[in-house]
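Student:
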DNA sequence: ATACTGCTGTGATTTCTGTCACATTGTGAA
DNA sequence: TTCACAATGTGACAGAAATCACAGCAGTAT
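Residue numbers (the numbering used here), protein chains in the order written: chain A, 9 to 213; chain B, 9 to 213.
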């Protein structure tokens, strides 16, 4: 898999440096990539798979913020890296995942020298910020039924698939709700013909 | 009032440019500074007063994200400005407010030439991002009573004052709740000796 | 086949929050 | 003073969601 196709906007000099300095790294589904309070030594570009960015609550619940997909980068790691500070969030590989780790020390240099990198970083900040905003919107203004619909829709949009392999418990965790509530709401959605329910799988219609 | 004291980290050349190119602007308490969907033509540095950054819901409720104080800047306007895009949030002067408007066209140039500006922008991104994160935390994991305590505490920390001039209705709006609920919770806090209630004023103890 | 485990369905109950209705109390203007 | 209005207090009720309890059900291992 050629990573350059994922970042077509990068200029040649930038690509060269990244190829020389960055390290490719693999994670298995379920691996924790970054945890709350951990110092960041590099920024990750996602090449393959999916990374879940979430916030842990007291009881170990994993409240979903957003996903990182191939071609994206972790805004938090960029900011933290640039300031050698710790992050407040958790990152976990949802599927087997390949990332390109760019060492912190390079960041300032890349920002100065390569317009396309600079643009990319700004762009990344903006999309993550917007995503956080829409999360706030959702929990602040919407009930669980609407949040659930949004959750399913977002997944479908991101993956392009009509089916989603996931347990009710898992959805409940992502939305910081409880399994029973999600089951009931899903049943209602099924009655409204919005989904079809199967074991460990939800089909959007 | 000398604005340079608020931004002691800025280097001389940067200060010079800002003094030449930036425009100072005043807002009265209550003025809307930026509204959802509006294009951004400049970035604002806060000199005096307080700016409320919030999200509007369907019924005109103003869900509070965070405040900008003197010495801070609006991360959203920076990002939007750099990409000539619209914002998803609202900004309103809470008190009479003075800001320094830095034209968009300058941004790229400043970023390249002045390390201190670059650092400032990164720092701004990070603090706003963290603030948003803590907002998410609050609504996702805490009940209204805890959110209210957090709200009051944050205000006290920011202003350094023990008293807060605000109506219950206003708090309810900021937290996207209702006046009665807030009144009741405040009463309970008073019984626990955490606050003293007066008309249009809450005193922390 | 049997047993075990994880996923799903469902009722009953409780807590939290929002909503409606209305009383009371400060405060400033006339 | 008196009136008007904004802010606050409170009870009653409704709805959303969390929690508890338990019953099927599907797939896996023995």
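Even glycine gets a Cβ: it sits at the ideal position worked out from N, Cα and C.
Quick one: residues in its chain with C-beta nearer than 8 Å to the C-beta of residue 119/B, no 5 flanking neighbours on either side, listed in chain order?
Tutor: Here the question's residue 119/B lines up with position 111 in the second chain. Correct list, in chain order: 125, 126 and 129.
Student: Show which residues of chain B have a CB atom less than 9 Å away from the CB atom of residue 80/A.
Tutor: The count along the first chain starts at 1 and reaches residue 80/A at position 72. Residues of chain B passing the Cβ test: none, with the nearest at roughly 16 Å.
Student: For residue 183/B, which residues in the same chain have their Cβ closer than 8 Å to its Cβ, ignoring the five residues on either side in sequence?
Tutor: On the second chain, position 175 is the one that residue 183/B refers to. Excluding positions up to five away in sequence, the list reads 71, 72, 152, 155, 156, 159 and 190.
Student: For residue 31/A, I'd like the list of residues in its chain whose CB is within less than 6 Å of its CB, leaving aside the five on either flank, ordered along the chain.
Tutor: Here residue 31/A is taken as the residue at index 23 of the first chain, counted from 1. These residues qualify, in order along the chain: 109.
Student: Locate the beta strand (DSSP E) running through residue 163/A, then write down its first and last residues.
Tutor: Locating residue 163/A in the first chain gives position 155, counting from the first residue. From DSSP, residue 163/A is part of no beta strand (DSSP E) but of the alpha helix (DSSP H) over 152 to 167.
Student: Can you give the Cα-Cα distance for residue 17/B and residue 113/A, rounded to whole angstroms?
Tutor: Along the second chain, read from residue 1 onward, the residue named residue 17/B stands at position 9. Along the first chain, read from residue 1 onward, the residue named residue 113/A stands at position 105. Straight-line Cα distance between these residues: approximately 22 Å.
Student: Anything in the segment 97 to 112 of chain B with a Cβ closer than 8 Å to a Cβ of chain A? List those residues in chain order, please.
Tutor: 97
Student: Would you list the one or two residues that DSSP bridges to residue 132/B?
Tutor: What you label residue 132/B is simply residue 124 of the second chain in a count that begins at 1. Note: residue 132/B sits in no beta bridge, so no partner.
Student: Could you check whether residue 81/B and residue 1/B sit closer than 8 Å to each other, using their CB atoms as the reference points?
Tutor: Nothing can be reported for residue 1/B: it is not among the residues displayed for chain B, which extend from 9 to 213.
Student: Look at residue 107/A and residue 33/A and say whether their C-beta atoms are less than 8 Å apart.
Tutor: Working through the first chain from its first residue, we reach residue 107/A at position 99. Working through the first chain from its first residue, we reach residue 33/A at position 25. Closer than 8 Å, so yes.
Student: From residue 4/B to residue 136/A, what does the alpha carbon distance come to, in whole angstroms?
Tutor: Here chain B covers residues 9 to 213 and nothing more, so residue 4/B does not appear.
Student: Listed in chain order, which residues of the segment 130 to 156 of chain A have Cβ atoms closer than 9 Å to some Cβ of chain B?
Tutor: 130, 131, 133, 134, 136, 137, 138, 140, 141, 142, 143, 144, 145, 147, 148 and 149
Student: Check each residue of the segment 63 to 74 of chain B: if its Cβ is closer than 9 Å to any Cβ of chain A, include it; give the result in chain order.
Tutor: Of all residues in the segment 63 to 74 of chain B, those with a C-beta nearer than 9 Å to a C-beta of chain A are 63, 65, 66, 69, 71 and 73, reading in chain order.
Student: Once you ignore the five residues that flank residue 88/A on each side, which residues in its own chain have a CB closer than 6 Å to its CB?
Tutor: Position 80 of the first chain, counted from the first residue, corresponds to residue 88/A. Correct list, in chain order: 48 and 95.
Student: Give the list of continuous beta strand (DSSP E) stretches no shorter than 3 residues that lie fully inside the segment 55 to 80 of chain B.
Tutor: 59 to 64 and 70 to 76
Student: Among 212/B, 178/B and 147/B, which residue has its Cα nearest to the Cα of residue 165/B?
Tutor: Here residue 165/B is taken as the residue at index 157 of the second chain, counted from 1. Of the candidates 212/B, 178/B and 147/B, the one whose C-alpha sits nearest the C-alpha of residue 165/B is 212/B.
Student: Since residue 191/A is in the alpha helix (DSSP H), which residue starts that stretch and which ends it?
Tutor: For the purposes of this step, residue 191/A is identified with residue 183 of the first chain, where counting begins at 1. From DSSP, the alpha helix (DSSP H) with residue 191/A extends over 187 to 199.
Student: Taking residue 108/A as part of the beta strand (DSSP E), name the residues at either end of that continuous run.
Tutor: Your numbering for residue 108/A matches position 100 in the first chain. Element bounds for residue 108/A: 105 to 111.
Student: In whole angstroms, what separates the C-alpha of residue 28/A from that of residue 11/A?
Tutor: As a working mapping, residue 28/A is identified with position 20 in the first chain. As a working mapping, residue 11/A is identified with position 3 in the first chain. Looking at the two C-alpha atoms, the distance is approximately 14 Å.
Student: Against chain B, with Cβ distances strictly below 8 Å, would residue 91/A count as a contact?
Tutor: Numbered from 1 along the first chain, position 83 holds the residue referred to as residue 91/A. Closer than 8 Å to some Cβ of chain B, the Cβ of residue 91/A qualifies, so yes.
Student: Identify every residue that forms a DSSP beta bridge with residue 46/A.
Tutor: Indexing the first chain from 1 puts residue 46/A at position 38. Looking at the DSSP assignment, residue 46/A forms no beta bridge with any residue, so it has no partner.
Student: What does residue 87/B touch in chain A if you count any residue whose Cβ is under 7 Å from its own?
Tutor: Taking the first residue of the second chain as position 1, residue 87/B is located at position 79. 130, 133, 134 and 137, listed in chain order.
Student: Against chain B, does residue 120/A count as a neighbour if the rule is that its beta carbon must be under 8 Å from one of theirs?
Tutor: Translated into the one-based positions of the first chain, residue 120/A becomes position 112. Chain B contact via Cβ: present.
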